[in-house]
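K.L.:
Letter by letter, the sequence shown follows residues 16 to 178 in the numbering used here.
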Amino acid sequence: MLNPTIAWTPGTLVRYHGSITTLHDTYRAHPCTCLNCDDPVFGTARFRLTDGNDVTVLDCVRATSITETPEPGDRLITLTDGHRITTSNQSGTDLYDEVFLHPGLDADWDHPEDTAELFLSGDPELAKGRLFLDVPPADVRALIDEHGGAVEVDAETRQQQLA
Ligand SMILES: [Zn+2]
Numbered sequence: 016m017l018n019p020t021i022a023w024t025p026g027t028l029v030r031y032h033g034s035i036t037t038l039h040d041t042y043r044a045h046p047c048t049c050l051n052c053d054d055p056v057f058g059t060a061r062f063r064l065t066d067g068n069d070v071t072v073l074d075c076v077r078a079t080s081i082t083e084t085p086e087p088g089d090r091l092i093t094l095t096d097g098h099r100i101t102t103s104n105q106s107g108t109d110l111y112d113e114v115f116l117h118p119g120l121d122a123d124w125d126h127p128e129d130t131a132e133l134f135l136s137g138d139p140e141l142a143k144g145r146l147f148l149d150v151p152p153a154d155v156r157a158l159i160d161e162h163g164g165a166v167e168v169d170a171e172t173r174q175q176q177l178a
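(1) Near His126, which residues of its chain fall below 7 Å by C-beta distance, leaving aside the five closest residues on each side in sequence?
(2) Classify Ala157 as helix, strand or coil using the three-state DSSP reduction.
(3) Could you give the distance in angstroms between the alpha-carbon of Ala178 and the alpha-carbon of Gly144?
(4) Can you give the beta carbon distance from Arg156 to Ile21, rounded, assuming they're within the 8 Å contact cut?
(5) Applying the criterion that 16 or more other CB atoms from any shown protein chain within 10 Å of the CB defines a buried residue, is Cys47 buried or exposed?
(6) For Asn104, count the other beta carbons within 10 Å of its own beta carbon; 16 or more makes it buried, fewer makes it exposed. Which is it?
(7) Could you give the C-beta distance for Thr84 and Pro152, rounded to a whole number, given that I count them as a contact under 8 Å?
(8) Suppose only complete runs of 4+ residues qualify. What are the alpha helix (DSSP H) ranges in the segment 110 to 164, listed by chain order?
(9) For Leu135, count neighbouring C-beta atoms within 10 Å of its own C-beta (all shown protein chains included) and say buried if the count is 16 or more, exposed if not.
(10) Which residues in the same chain as Ala170 place their Cβ atom closer than 6 Å to its Cβ, once the five residues preceding and following it in sequence are excluded?
(11) Quick check: is any heavy atom of ligand 1 less than 7 Å from the C-beta of Asn51?
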């Protein structure tokens, strides 16, 4: 699920698996702004889901009804402190197939690593980075958060990612 206690960017890609089964699909999550769904007891953050045309499909969605899902294809993320992350998702699962932390960036993850591929790239600079496999999107988001956030992905890039 999309954990709202970790800073997240409105527009984060999620898979909806809530009670309205006919709407099970992948959407972009935004804060719900209906002003009617604040839970006075649990303070539960709710979400508004939009489709590829930025049309709202569902309001007031609970965090437990959505799972953060990897951005499709390859994506380079530049952090506000200058570090860089490349994510890759070719398999269509809920995990990134590969997450490359460019040299200088580190994470205390225990996900499996592929050091051979970095060595075989023949680029000594690349070999100083770390290539993790099967990484949940929430871990990437937490790492981005630890480094002060990411430089905004421009709308054109996002549109290409949706296409
Ligand atoms: Zn609402």
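For glycine and all other residues, C-beta sits at the position ideal for the given N, C-alpha and C. All values reported here derive from a predicted model rather than from experimental measurement.
P.N.:
Taking the geometry as given:
(1) In the sequence shown, residue 126 corresponds to position 111, counting from 1. So the list reads Phe147, Leu148, Asp149 and Val150, once near-sequence residues are dropped.
(2) Locating residue 157 in the sequence shown gives position 142, where the first residue counts as 1. Correct three-state label for Ala157: helix.
(3) Numbered from its first residue, the sequence shown carries residue 178 at position 163. Numbered from its first residue, the sequence shown carries residue 144 at position 129. Residue placement at Ala178 cannot be trusted, given a pLDDT of 48 that sits under 50; the coordinates are not used to answer.
(4) As a first step, residue 156 must be located in the sequence shown, where it is residue number 141. As a first step, residue 21 must be located in the sequence shown, where it is residue number 6. Right, the Cβ-Cβ distance comes to about 6 Å (below 8 Å), so this counts as a contact.
(5) Within the sequence shown, residue 47 is the residue found at index 32, counting from 1. By the neighbour-count rule (16 or more Cβ atoms within 10 Å), Cys47 is buried.
(6) Taking the sequence shown and counting its residues from 1, the one referred to as residue 104 is at position 89. Answer is buried; the Cβ neighbour count reaches 16.
(7) Residue 84 sits at position 69 when you count from the first residue of the sequence shown. Residue 152 sits at position 137 when you count from the first residue of the sequence shown. Correct: roughly 7 Å between the Cβ atoms.
(8) 130 to 135 and 152 to 161
(9) Residue mapping note: residue 135 aligns to position 120 of the sequence shown, counting from 1. With fewer than 16 other Cβ atoms within 10 Å, it is exposed.
(10) Position 155 of the sequence shown holds residue 170. Residue placement at Ala170 is poorly supported in this model, since its pLDDT is 47, which falls under 50; the coordinates are not used for a value here.
(11) The residue labelled residue 51 in the question sits at position 36 within the sequence shown. Correct: Asn51 has its Cβ closer than 7 Å to ligand 1.
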